[in-house]
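See structure below.
There are 2 protein chains.
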Amino acid sequence: MQSYTEENYLKTIYHLAEKTTNVQTNAIAEQMQTKPASVTDMIKKLAEKGLVDYIKYQGVTLTEAGKNTAVDIVRKHRLWEVFLVNKLNFKWDEVHDVAEELEHIKSIELIERLDEFLGFPKADPHGDPIPDKNGRFAKTQFIKLIELKIGDSGTITGVSQHSSAFLKHLEKLGLTLGKQIQISDITDFDGSVEIKLSDKQINISREVAKHILISSNGKN
Amino acid sequence: MQSYTEENYLKTIYHLAEKTTNVQTNAIAEQMQTKPASVTDMIKKLAEKGLVDYIKYQGVTLTEAGKNTAVDIVRKHRLWEVFLVNKLNFKWDEVHDVAEELEHIKSIELIERLDEFLGFPKADPHGDPIPDKNGRFAKTQFIKLIELKIGDSGTITGVSQHSSAFLKHLEKLGLTLGKQIQISDITDFDGSVEIKLSDKQINISREVAKHILISSNGKN
DNA sequence: AAAAATTTTTAGATTTACCTAAAAATTTAA
DNA sequence: TTAAATTTTTAGGTAAATCTAAAAATTTTT
Ligand SMILES: [Mn+2]
Ligand SMILES: [Mn+2]
Ligand SMILES: [Mn+2]
Ligand SMILES: [Mn+2]
Chain X
549 MQSYTEENYL KTIYHLAEKT TNVQTNAIAE QMQTKPASVT DMIKKLAEKG LVDYIKYQGV
609 TLTEAGKNTA VDIVRKHRLW EVFLVNKLNF KWDEVHDVAE ELEHIKSIEL IERLDEFLGF
669 PKADPHGDPI PDKNGRFAKT QFIKLIELKI GDSGTITGVS QHSSAFLKHL EKLGLTLGKQ
729 IQISDITDFD GSVEIKLSDK QINISREVAK HILISSNGKN
Chain Z
549 MQSYTEENYL KTIYHLAEKT TNVQTNAIAE QMQTKPASVT DMIKKLAEKG LVDYIKYQGV
609 TLTEAGKNTA VDIVRKHRLW EVFLVNKLNF KWDEVHDVAE ELEHIKSIEL IERLDEFLGF
669 PKADPHGDPI PDKNGRFAKT QFIKLIELKI GDSGTITGVS QHSSAFLKHL EKLGLTLGKQ
729 IQISDITDFD GSVEIKLSDK QINISREVAK HILISSNGKN
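If you're matching them up, the sequences are chains X and Z in order. Each residue of the first sequence is one higher than the last, beginning at 549 in this note's numbering. Each residue of the second sequence is one higher than the last, beginning at 549 in this note's numbering.
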């Protein structure tokens, strides 16, 4: 049984490992809002428990056991987010912090019944995939909106930035999950992207376009 | 902001104060499954934070602030129990431990929306009253089944013992919340109670009868 | 390949929530 | 009203998770 803190470290390492092969002490520290010295302490402990492989100065990787725990926490986090949005009418930008706490509730029964209650959802309110109870989930193959060319179209199926400010901004623009979009123009001057929605035409910055994930349904 | 541990102490003191005026160190220790020395440590800390009034060797009482926190935890505990039973199909004997964790999730929004989602329930699955968001709730006026006389009738509206063993036993006997009962006899030999239910007649021990709470609807 | 910059670890403390053993206070019984 | 039993507190320590400051290792730049 892992502590709340250990679970958060494992989850952080798991997410960092999705981006970089070599997970560094400083990166973990930044993500966990703590100091590198504290991270070193914790890594040693996790290594002793067989949850990570660790070589001094070489960063960490999760062991099979460590990855299993991490994926389980991710599963709980995302299921609770679905609950908050679908059942309690939270907005997609309001759920993260509460899910951050709820993910640590220790009861297998609870999470399985919650999963069933929610209808075994496959994705959370941000489009991230929800692992099943065996930890399996499809590797989603999204394209960043910024990578699309003029004329390409697709459906918004995820975001790669979960800050409240970003999500609120998307909401205001009408860029929510499931929306059909088509690239009508890409501005030479600043690289901003002109998008055609079903009912309107909008312009978004490169920065915003970078963090919108599209499941492409046809290039031109 | 209180820690998980502080919240549990406050809740324990609150419940003990419902039974005895003077809440003793040893009683808290037993309830919290810890040692009296640890309780003394914590009491001092809570006193410093203004959550309890404390005079050495004289036991503790909650301050207004302490009582507010305690009632808030009780509210959360009971609302989560309702959620588990009504929405996730847990049995009334399976919910306590999970609610013991869930009650510490810190989000006012969460609990208010949960309350609404559940339809603002007035009682939890064990018949205990749920405080509203201002901490107010009706002092329930139950009678212990053991105190009824032959011929008295009423409705089962609560239990004063929450152990899984006891609750499972009641379930098996068909003595669940809302059931109409009438006392048909009280055995001279062992004081056991003969009860008439709508569909059958059963006999329960004094020990069981002590912990069933009845809202009486007419003595004879 | 040195020097400089960055990253990571160690050393030594702190805080929180515990513990055991022993001392002190209070309550109950003789 | 002493003596005995019980309750409560104090003293001194431990373990988990954190911190700061300084040392060590690695990487990047000149
Ligand atoms: Mn968390
Ligand atoms: Mn999410
Ligand atoms: Mn609790
Ligand atoms: Mn209850």
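C-beta atoms are modelled at their ideal positions from N, C-alpha and C, and glycine is treated no differently. As the structure is a prediction and not an experimental result, all values here were calculated from the model.
Would you call the CB atoms of Thr724(Z) and Ile743(Z) closer than 9 Å? With contacts defined as CB atoms closer than 9 Å, Thr724(Z) and Ile743(Z) fail to qualify as a contacting pair.
Members of the segment 654–670 of chain X that neighbour chain Z once the beta carbon cut-off is set at 9 Å: So the close ones are Lys654, Ser655, Glu657, Leu658, Arg661, Leu662, Glu664, Phe665.
Measure how close the beta-carbons of Thr609(X) and Asp601(X) come, nearest whole angstrom, since I'm counting them as under 8 Å. Correct: roughly 5 Å between the Cβ atoms.
Distance cut 5 Å, beta-carbon to ligand 1 heavy atom: residue list by chain order: Residues flagged by the Cβ proximity filter: Asn556(X), Glu648(X).
Alpha carbons only, please: which of Leu761(Z), Thr735(Z), Ile762(Z) is nearest the one belonging to Asn751(Z)? The candidate whose alpha carbon is nearest that of Asn751(Z) is Thr735(Z).
Assign Ile678(X) to one of three DSSP states: helix, strand, or coil. Three-state DSSP puts Ile678(X) in coil, outside helix and strand.
Can you give the Cα-Cα distance for Gly598(X) and Glu612(X), rounded to whole angstroms? Distance from the CA atom of Gly598(X) to the CA atom of Glu612(X), rounded to whole angstroms, is 9 Å.
Nearest-angstrom Cα distance between Asn570(X) and Gln709(X)? Asn570(X) and Gln709(X): Cα-Cα distance of roughly 21 Å.
What residues from chain X crowd round Val608(Z), counting only those whose CB sits closer than 9 Å? Going along chain X, no residue has its Cβ under 9 Å from Val608(Z), so there is no contact; the nearest lies around 28 Å.
Could you give the distance in angstroms between the alpha-carbon of Asp738(X) and the alpha-carbon of Glu695(X)? Here the alpha carbon of Asp738(X) sits roughly 15 Å from the alpha carbon of Glu695(X).
Where Ala585(Z) falls: helix, strand or coil (DSSP): Helix.
Residues of its chain near Asn682(Z), where Cβ-Cβ distance is below 8 Å and the 5 sequence neighbours each way are ignored: The answer is none, since no qualifying residue turns up.
Is the CB of Ala646(X) under 9 Å away from at least one CB in chain Z? Note on identity: in this sequence residue 646(X) is Val, with Ala being the wrong assignment. The beta carbon of Val646(X) sits closer than 9 Å to some beta carbon of chain Z.
Using a 10 Å radius around the Cβ and a threshold of 16 neighbouring Cβ atoms, would you call His563(Z) buried or exposed? Counting every other CB atom within 10 Å of its CB across the protein chains shown gives His563(Z) a total below 16, marking it as exposed.
Spell out the partners DSSP gives Glu742(Z) in its beta bridges. When beta bridges are read from the DSSP output, Glu742(Z) appears opposite Asp733(Z), Asn751(Z).
Output yes or no for whether 9 Å exceeds the beta carbon distance between Arg626(X) and Leu636(Z). Contact: no.
When the Cα of Lys748(X) is compared with those of Glu755(X), His652(X), Ile729(X), Arg754(X), which residue comes out closest? Measuring from the Cα of Lys748(X), the nearest candidate turns out to be Ile729(X).
Check the C-beta distance from Pro677(X) over to Lys670(X) and give it rounded, since I have them as a contact under 8 Å. That belief holds up - the Cβ atoms of Pro677(X) and Lys670(X) are roughly 7 Å apart, short of 8 Å.
Distance between Ala713(Z) and Ala575(Z) (C-alpha atoms, nearest Å): Rounded to whole angstroms, Ala575(Z) to Ala713(Z) spans 23 Å at the Cα level.
Go ahead and label Asp645(Z) buried or exposed: buried means 16 or more other beta carbons lie within 10 angstroms of its beta carbon, across all protein chains shown. Around the Cβ of Asp645(Z), a 10 Å sphere holds fewer than 16 other Cβ atoms; the residue is exposed.
Find the nearest neighbour of Leu666(X) within the set Ala618(X), Glu642(X), Lys624(X), judged by alpha-carbon distance. The shortest C-alpha to C-alpha distance from Leu666(X) to any of Ala618(X), Glu642(X), Lys624(X) is the one to Lys624(X).
Alpha-carbon spacing of Ile698(X) relative to Ile561(X), whole angstroms: Looking at the backbone, the Cα of Ile698(X) and that of Ile561(X) are separated by about 37 Å.
Using a Cβ-Cβ distance cut-off of 9 Å, determine whether Phe638(X) contacts chain Z. Against chain Z, the CB of Phe638(X) has a partner CB under 9 Å away; the residue lies at that interface.
In this structure, does DSSP put Gly614(X) in helix, strand or coil? Correct three-state label for Gly614(X): helix.
Minimum C-alpha distance to Met590(X) - residue among Ser701(X), Asn556(X), Gln606(X): Nearest option by C-alpha distance: Asn556(X).
Can you tell me the Cβ-Cβ gap for Thr526(X) and Leu658(X), rounded? I've got them flagged as a contact below 8 Å. Past the boundaries of the shown model lies residue 526(X); chain X is included only from 549 to 768, so the question cannot be answered.
Start-to-end residues for the alpha helix (DSSP H) that takes in Val643(X): Secondary structure note for Val643(X): it is in no alpha helix (DSSP H), with a DSSP letter that is neither H nor E.
Can you name the residues of chain Z whose CB is closer than 7 Å to the CB of Lys635(X)? Correct list: Phe665.
I'd like to know whether the C-beta of Glu719(Z) is nearer than 9 Å to at least one C-beta of chain X. For Glu719(Z), not one C-beta of chain X is nearer than 9 Å to its own C-beta.
Taking its Cβ as the centre, do 16 or more other Cβ atoms sit within 10 Å of Phe638(X), making it buried, or is it exposed? Flag for Phe638(X) reads buried.
Using the three-state DSSP reduction, which class does Asp663(X) fall into: helix, strand or coil? If DSSP states are grouped into helix, strand and coil, Asp663(X) belongs with the helices.
Which of the three DSSP states, helix, strand or coil, is assigned to Lys692(Z)? In this structure, DSSP gives Lys692(Z) an extended state, which the three-state scheme calls strand.
In chain order, which alpha helix (DSSP H) runs of at least 4 residues are fully inside the segment 556–610 of chain Z? Entirely contained in the segment 556–610 of chain Z, the alpha helix (DSSP H) runs reaching 4 residues are, in chain order, 573–580, 584–596.
What in chain Z is Cβ-close to Leu800(X), meaning under 7 Å? It is not possible to answer for residue 800(X), since the shown part of chain X is limited to 549 through 768.
Leu721(Z), enclosing alpha helix (DSSP H) - first and last residue: For Leu721(Z), the enclosing alpha helix (DSSP H) stretches over residues 712–721.
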